[in-house]
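Take 1 as the starting number for the sequence shown in UniProt numbering and just add one per residue. By construction, the Cβ of each residue, glycine as well, lies at the ideal position given by its N, Cα and C atoms. Here the structure is laid out as structure tokens; the discussion comes afterwards.
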Amino acid sequence: MGISDIMRLDVASVWLALSVVAVAAGVFYLYSLILRHLAKTTVRNKVVLITDSLSTLGNECAQLFHTGGARLILCGSNWEKLETLAERLMTESDPALTFPPKLVELDFSNMESVPEVISEILECYGCLDVLIFNSSMKVKAPVQCLSLEMDRIVMDVNYFGPITLVKGVLSSLICRRSGHILLVNSIQGKLTMPFRATYAASKHAVQAFFDCLRAEVQEYGITVSTVNHTFIKTPSTNSADERSAKSVWTDVKPNSLGVTPKEMATELLKTLSSKKKEILMAHSIPTAALYVRSLFPNLFFAIMATGVRNTAAVEMPDD
């Protein structure tokens with residue numbers, strides 16, 4: 001093969017690479033256009049409530065839905081941060097195409113305030129079209145190390161808070177015979193792991209509640225969707241009340257198994273459009289674990305227990 005032939009091959013390779021890059025860029029741009037159009041057609045003029053809009057996922061949802069022309073009700077436990085979020089949304093958007101967000105201070109760890117907050121929510125626009133339950137409190141600790149007080153707080157935030165809010169606005173949705181309730185739940189609403197007993201229990205409970213609710217309100221034209229995801233790729237911090245258990249089940253979080261907040265927000269938007277009842281956002285390993293749990297429960301329990309025993313052996317001090 002001569003030099004000229006090699007040069008022609010090199011030129012052809014370069015053109016092929018450029019073509020691949022151009023096609024990929026075109027596909028990405030087309031996907032972005034479709035996503036923006038989906039946002040506008042799905043939530044345009046809709047009243048959308050987002051709990052814990054101050055979280056990373058809440059921020060992503062607020063930005064995506066605000067751009068799509070939704071009439072947002074942003075909830076969070078810190079008023080100053082809510083105002084900052086609202087100001088940022090308005091600064092980054094066209095005021096002719098968007099609505100100023102309504103702000104409601106909501107803290108599910110203070111259940112006594114929730115009835116008053118429900119009245120405030122209903123007064124914002126007089127109705128609700130979409131409710132996105134994004135609030136979640138995580139704890140990791142052996143059962144014997146977690147106090148009953150902490151158990152109750154986790155259940156308030158992850159279970160009693162969402163169902164109290166749903167019960168408070170449900171009559172309004174039934175009267176209008178429309179609405180979409182979307183629960184952002186963890187995969188641990190279906191699959192448990194050691195050292196997460198309280199968290200998994202709260203997620204199982206809220207999953208069961210919304211599954212029952214789905215069947216009860218379908219005749220009124222109300223859609224209930226649940227999204228079960230693996231961990232969201234955000235920086236994690238442990239509270240002073242949380243005692244982390246050092247084990248393979250608590251510390252190992254392969255980055256490839258998680259989902260980004262942007263991926264989650266996009267999936268929620270698609271779910272609102274498709275009205276799909278249940279979505280599992282998990283890669284092959286968590287999905288396989290779900291099947292093993294269902295089909296071979298004894299094997300699943302043995303694997304979980306072995307992981308805990310191996311951790312205990314490694315941490316046992318030398319004599």
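* Please list, in chain order, all residues of the same chain as Val154 whose beta carbon is under 7 angstroms from its beta carbon, the five residues on each side excluded. => Translated into the one-based positions of the sequence shown, residue 154 becomes position 154. Only Met137, Val139, Thr198, Tyr199, Ser202 meet the Cβ criterion.
* Asked: What are the boundary residues of the beta strand (DSSP E) that includes Phe133?
  -> As a position in the sequence shown, residue 133 is number 133, starting the count at 1. Start and end: 130-133.
* **Alpha-carbon to alpha-carbon, Ile222 and Asn298** => Against the sequence shown, residue 298 aligns to sequence position 298. Against the sequence shown, residue 222 aligns to sequence position 222. Roughly 39 angstroms between the two C-alpha positions.
* **Pick from Ser109, Gln144, Cys145 that is closest to Asp135, judged by C-alpha positions** => Translated into the one-based positions of the sequence shown, residue 135 becomes position 135. Position check: residue 135 holds Ser in this sequence, whereas Asp was assumed. Comparing Cα-Cα distances from Ser135 to each of Ser109, Gln144, Cys145, the minimum goes to Ser109.
* **Any 3 or more C-beta pairs closer than 8 angstroms across the stretch 172-184 and the stretch 215-229** => Touching, yes.
* What separation, rounded to the nearest whole angstrom, lies between the Cα atoms of Cys145 and His66? -> Looking up residue 145 in the sequence shown gives position 145. Looking up residue 66 in the sequence shown gives position 66. So the two alpha carbons sit approximately 42 angstroms from each other.
* Meets three-Cβ-pair contact criterion under 8 angstroms: the stretch 118-133 and the stretch 67-83 -> Three or more pairs of CB atoms, one per stretch, sit closer than 8 angstroms, so the stretch 118-133 contacts the stretch 67-83.
* Asked: Would the beta-carbon of Lys233 fall within 8 angstroms of that of Gln207?
  -> To locate residue 233, count along the sequence shown from 1; it is residue 233. To locate residue 207, count along the sequence shown from 1; it is residue 207. No, the Cβ-Cβ distance between Lys233 and Gln207 is not below 8 angstroms.
* Contact set for Ser178: own chain, Cβ-Cβ below 6 angstroms, skip 5 residues either direction -> Position 178 of the sequence shown holds residue 178. Only Gly221 meet the Cβ criterion.
* Asked: Does any heavy atom of the ligand GTP sit closer than 7 angstroms to the C-beta of Ile285?
  -> Within the structure as shown, the ligand GTP is missing, as the structure has no ligands at all.
* Asked: For Ser77, which residues from the same chain have a beta carbon less than 6 angstroms from its beta carbon, with the 5 sequence-adjacent residues on both sides left out?
  -> To locate residue 77, count along the sequence shown from 1; it is residue 77. Excluding residues within five positions, the ones whose Cβ falls inside 6 angstroms are Asp107.
* Taking the Cβ atom as the reference point for each residue, do Ala265 and Leu57 lie within a distance shorter than 8 angstroms? -> Counting from one through the sequence shown, the residue named residue 265 turns up at place 265. Counting from one through the sequence shown, the residue named residue 57 turns up at place 57. In contact: Ala265 and Leu57 (Cβ atoms closer than 8 angstroms).
* **Same chain, Cβ closer than 6 angstroms to Ala205, five either side skipped, listed in chain order** => Your numbering for residue 205 matches position 205 in the sequence shown. So the qualifying residues of the chain are Tyr159.
* **Backbone secondary structure at Glu278 - three-state DSSP** => Numbered from 1 along the sequence shown, position 278 holds the residue referred to as residue 278. Under the three-state reduction of DSSP output, Glu278 falls in the strand class.
* Asked: Would Ile118 pass as a contact of Val169 if the rule is Cβ separation under 8 angstroms?
  -> Taking the first residue of the sequence shown as position 1, residue 118 is located at position 118. Taking the first residue of the sequence shown as position 1, residue 169 is located at position 169. Yes, they are a contact pair.
* To do: Would you check if the distance between the CB atom of Leu268 and the CB atom of Val227 is smaller than 8 angstroms?
  => To locate residue 268, count along the sequence shown from 1; it is residue 268. To locate residue 227, count along the sequence shown from 1; it is residue 227. Against a cut-off of 8 angstroms, the Cβ pair of Val227 and Leu268 comes out as a contact.
* Asked: Between Glu149, Val166, Arg293, Lys277, which lies nearest to Gly114 when the distance is taken from Cα to Cα?
  -> Counting from 1 along the sequence shown, the entry for residue 114 is found at position 114. Sequence inspection shows Val at residue 114; the Gly mentioned does not correspond to that position. With distances taken between Cα atoms, Val114 lies closest to Val166.
* **Those residues which DSSP pairs with Lys102 across a bridge** => What you label residue 102 is simply residue 102 of the sequence shown in a count that begins at 1. The bridge partners DSSP lists for Lys102 are Ile73.
* **8 angstroms contact criterion, which Ala282 and Ile187 should meet: CB distance rounded** => By 1-based counting over the sequence shown, the position of residue 282 is 282. By 1-based counting over the sequence shown, the position of residue 187 is 187. Indeed, because the Cβ distance is near 6 angstroms, the residues count as touching under 8 angstroms.
* Bridge partner(s) assigned by DSSP for Val47 -> Taking the first residue of the sequence shown as 1, we reach residue 47 at position 47. Under DSSP, Val47 forms a beta bridge with Arg71.
* Is it true that the CB of Asp156 sits closer than 8 angstroms to the CB of Lys193? -> Along the sequence shown, one-based indexing puts residue 193 at 193. Along the sequence shown, one-based indexing puts residue 156 at 156. It should be pointed out that residue 193 corresponds to Met in this sequence rather than to Lys. No.
* Count the other CB atoms within 10 Å of the CB of Thr230; is the residue buried (16 or more) or exposed (fewer)? -> As a position in the sequence shown, residue 230 is number 230, starting the count at 1. Thr230 comes out buried.
* Asked: Are Arg88 and Gly69 close, meaning C-beta to C-beta below 8 angstroms?
  -> Numbered from 1 along the sequence shown, position 88 holds the residue referred to as residue 88. Numbered from 1 along the sequence shown, position 69 holds the residue referred to as residue 69. With contacts defined by Cβ atoms closer than 8 angstroms, Arg88 and Gly69 do not form a contacting pair.
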